[in-house]
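Trainee: For reference, the structure I am asking about is given below.
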Amino acid sequence: MSVPGPAASVPAPPAGPSPFVGLTDRPVAEHVAVFEAEHDRLQRELATIDQL
């Protein structure tokens, strides 16, 4: 049986305000770009999960 090493650090949430702040005030046509950008960011973060 192996002894686990120190706990891996957890990535910090993205700096700055949520990309969804004020989304309801923006035209619906702009919503897609906001959601796609957040989806891309989440994919990048999840791609690093094996490095923990």
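The opening residue of the sequence shown carries number -2 in our numbering; numbering runs sequentially from there. Ideal Cβ placement from N, Cα and C applies to all residues, glycine included. Fair warning: this is a prediction, and the values are worked out from it, not measured in the lab.
#1: Could you tell me whether the Cβ atoms of P16 and V29 are closer together than 7 Å?
#2: Measure the C-alpha to C-alpha separation of V18 and A12 and round it to an integer number of angstroms.
#3: Ignore the nearest five residues each way along the sequence and tell me which others in L39's own chain have a CB closer than 7 Å to its CB.
Mentor: The short version:
#1: Contact flag unset, no.
#2: CA-to-CA, the gap between V18 and A12 works out to about 14 Å.
#3: Excluding residues within five positions, none has a Cβ falling inside 7 Å.
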